[in-house]
Amino acid sequence: MKQWVKRILFAGAMVPVLAQAQLDLTALDRDMAGPRAHVLVLGTVHLRSMPASFNPASLGGVLDKLAKFKPEIITIETESGEECDMAARHVAKYGADYCASVEAAWLATGLDAPAAMAEADKMLKAWPEQATAAQRRRLAALFLASYDTASAYVQWLQLAETERRAGDGLNEVLIAQLTQTAKRNNESYRIAARLAARLGLQRVHAVDNHTGDRIDVADIKAFVRSIESAWAAGNTGLNVRKKREDELTLANDLLPLYRYINEPESLRIYAEANIIPSMRAKSAEAYPQMWVAGWEIRNMRMVANIRETFRERPGARVLSIVGVSHKPWFDRWLGQMQGVDVVDAADVLK
Numbered sequence: 172m173k174q175w176v177k178r179i180l181f182a183g184a185m186v187p188v189l190a191q192a193q194l195d196l197t198a199l200d201r202d203m204a205g206p207r208a209h210v211l212v213l214g215t216v217h218l219r220s221m222p223a224s225f226n227p228a229s230l231g232g233v234l235d236k237l238a239k240f241k242p243e244i245i246t247i248e249t250e251s252g253e254e255c256d257m258a259a260r261h262v263a264k265y266g267a268d269y270c271a272s273v274e275a276a277w278l279a280t281g282l283d284a285p286a287a288m289a290e291a292d293k294m295l296k297a298w299p300e301q302a303t304a305a306q307r308r309r310l311a312a313l314f315l316a317s318y319d320t321a322s323a324y325v326q327w328l329q330l331a332e333t334e335r336r337a338g339d340g341l342n343e344v345l346i347a348q349l350t351q352t353a354k355r356n357n358e359s360y361r362i363a364a365r366l367a368a369r370l371g372l373q374r375v376h377a378v379d380n381h382t383g384d385r386i387d388v389a390d391i392k393a394f395v396r397s398i399e400s401a402w403a404a405g406n407t408g409l410n411v412r413k414k415r416e417d418e419l420t421l422a423n424d425l426l427p428l429y430r431y432i433n434e435p436e437s438l439r440i441y442a443e444a445n446i447i448p449s450m451r452a453k454s455a456e457a458y459p460q461m462w463v464a465g466w467e468i469r470n471m472r473m474v475a476n477i478r479e480t481f482r483e484r485p486g487a488r489v490l491s492i493v494g495v496s497h498k499p500w501f502d503r504w505l506g507q508m509q510g511v512d513v514v515d516a517a518d519v520l521k
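Heads up: the sequence shown runs through residues 172 to 521, numbered per our numbering.
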């Protein structure tokens with residue numbers, strides 16, 4: 172009898188050890204052939220929240236540092252044309268306003284989103300070393316019809332001032348949209364698109380995804396209150412950090428701000444402030460824990476979308492620009508992928 176008890180106790184004691192004895196997937200590519208991809212995740216503040224005194228020129232130092240990294244692919248935190256098109260066909264699930272309307276671009280080009288995306292891809296596969304202004308105007312129009320304003324703006328920026336005019340699918344309505352885009356404080360335009368144009372890239376890649384974080388609950392207001400209450404109970408460290416961030420946003424040079432938010436201590440505080448209070452919060456409906464599940468799904472799908480951008484380009488240099496609270500998840504999961512090395516943002520921003 173005692174022998175059986177000992178065996179049971181021993182088996183029970185081994186369960187946690189066995190559960191942790193998992194295969195280290197990060198070592199499977201140690202003898203890989205060919206070059207490794209290098210992915211830099213830049214955590215960013217959302218520029219739409221910058222103070223009224225914000226001057227886009229203050230991003231010059233950040234752009235200079237990123238240009239030295241020489242990314243061949245740049246990803247941004249917005250929804251792709253494919254996702255927007257899918258959501259438009261499933262309004263009951265995702266809502267009628269999932270993405271901004273592109274009807275004006277459809278009218279101008281005569282193409283809906285799938286057709287515009289197909290033609291844009293065809294153009295890019297045959298893109299010449301020296302594109303004509305007509306080709307850039309046409310591609311910009313196709314991107315606008317594809318829900319891809321940031322890539323359209325990349326083309327617009329590479330047009331000479333005299334060539335920023337109607338024609339080749341662009342009409343006055345679309346030109347007004349691009350002109351307005353130039354004034355918007357958004358990191359997809361102020362950083363990603365400008366950097367892409369500076370480096371001679373033809374587009375940026377949208378990788379955000381909200382298909383898995385639209386929580387289906389009976390009382391959405393109660394859900395929001397529950398999440399906000401959980402965060403309020405555990406954001407002391409974050410509040411201290413954000414106070415310093417607010418001070419740095421007022422500077423004429425935002426490079427120190429980007430260094431600050433991308434350092435390990437900032438990332439730790441952001442990760443803990445998002446998750447720990449939510450997982451510890453008591454809720455009869457488990458609303459805070461539901462939010463965490465949606466947050467993880469969103470991040471996993473975003474990381475998968477990033478991976479897809481260089482699936483056919485082993486060894487690519489990739490820059491992913493995303494809200495800083497996502498960066499810890501991006502760094503960890505991208506770092507587990509085969510043939511991928513995650514670049515230290517702190518080193519790039521030195």
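The beta-carbon is built from N, C-alpha and C at its ideal position, and this holds for glycine as well.
Name the two residues that bound the continuous beta strand (DSSP E) containing residue i.
i, result
"residue 488", "488-494"
"residue 247", "244-250"
"residue 235", "Segment 231-240 is the alpha helix (DSSP H) holding residue 235; no beta strand (DSSP E) there."
Secondary structure at residue i, three-state DSSP: helix, strand or coil?
i, result
"residue 208", "strand"
"residue 213", "strand"
"residue 512", "strand"
"residue 383", "coil"
"residue 313", "helix"
"residue 506", "helix"
"residue 338", "strand"
"residue 450", "helix"
"residue 351", "helix"
"residue 445", "helix"
"residue 435", "helix"
Grab the span of the alpha helix (DSSP H) containing residue i for me, first residue to last.
i, result
"residue 416", "407-419"
"residue 379", "Looking at the DSSP string, residue 379 is not in any alpha helix (DSSP H); the run it does join, the beta strand (DSSP E), is 376-379."
"residue 466", "458-480"
"residue 274", "274-280"
"residue 287", "284-296"
"residue 326", "320-328"
"residue 427", "426-432"
"residue 399", "391-404"
If you drop the 5 nearest sequence neighbours on each side, which residues of the same chain put their C-beta closer than 6 Å to that of residue i?
i, result
"residue 275", "344"
"residue 376", "246 and 480"
"residue 269", "258"
"residue 322", "314, 374 and 375"
Can you check whether the CB of residue j is closer than 8 Å to the CB of residue i?
i, j, result
"residue 386", "residue 461", "yes"
"residue 324", "residue 286", "no"
"residue 359", "residue 459", "no"
"residue 532", "residue 448", "One cannot answer for residue 532 here, as it falls past the ends of the chain, which runs 172 to 521."
"residue 341", "residue 311", "yes"
"residue 209", "residue 514", "yes"
"residue 331", "residue 304", "yes"
"residue 438", "residue 498", "yes"
"residue 255", "residue 289", "no"
In its own chain, which residues sit with a C-beta less than 7 Å from the C-beta of residue i, not counting the 5 before and 5 after it?
i, result
"residue 219", "356 and 357"
On a CA-only basis, which of the options is nearest residue i? Give me that one, please.
i, options, result
"residue 372", "302, 393 and 441", "302"
"residue 527", "383, 444, 258 and 474", "The question about residue 527 has no answer, for the chain in this structure spans 172 to 521."
"residue 419", "198, 224 and 442", "224"
"residue 430", "216, 376, 489 and 200", "216"
"residue 494", "463, 442 and 272", "442"
"residue 338", "280, 318 and 366", "280"
"residue 273", "349, 374, 512 and 193", "349"
Which same chain residues, not among the five before or five after residue i, have their C-beta less than 8 Å away from its C-beta?
i, result
"residue 296", "none"
"residue 222", "420 and 421"
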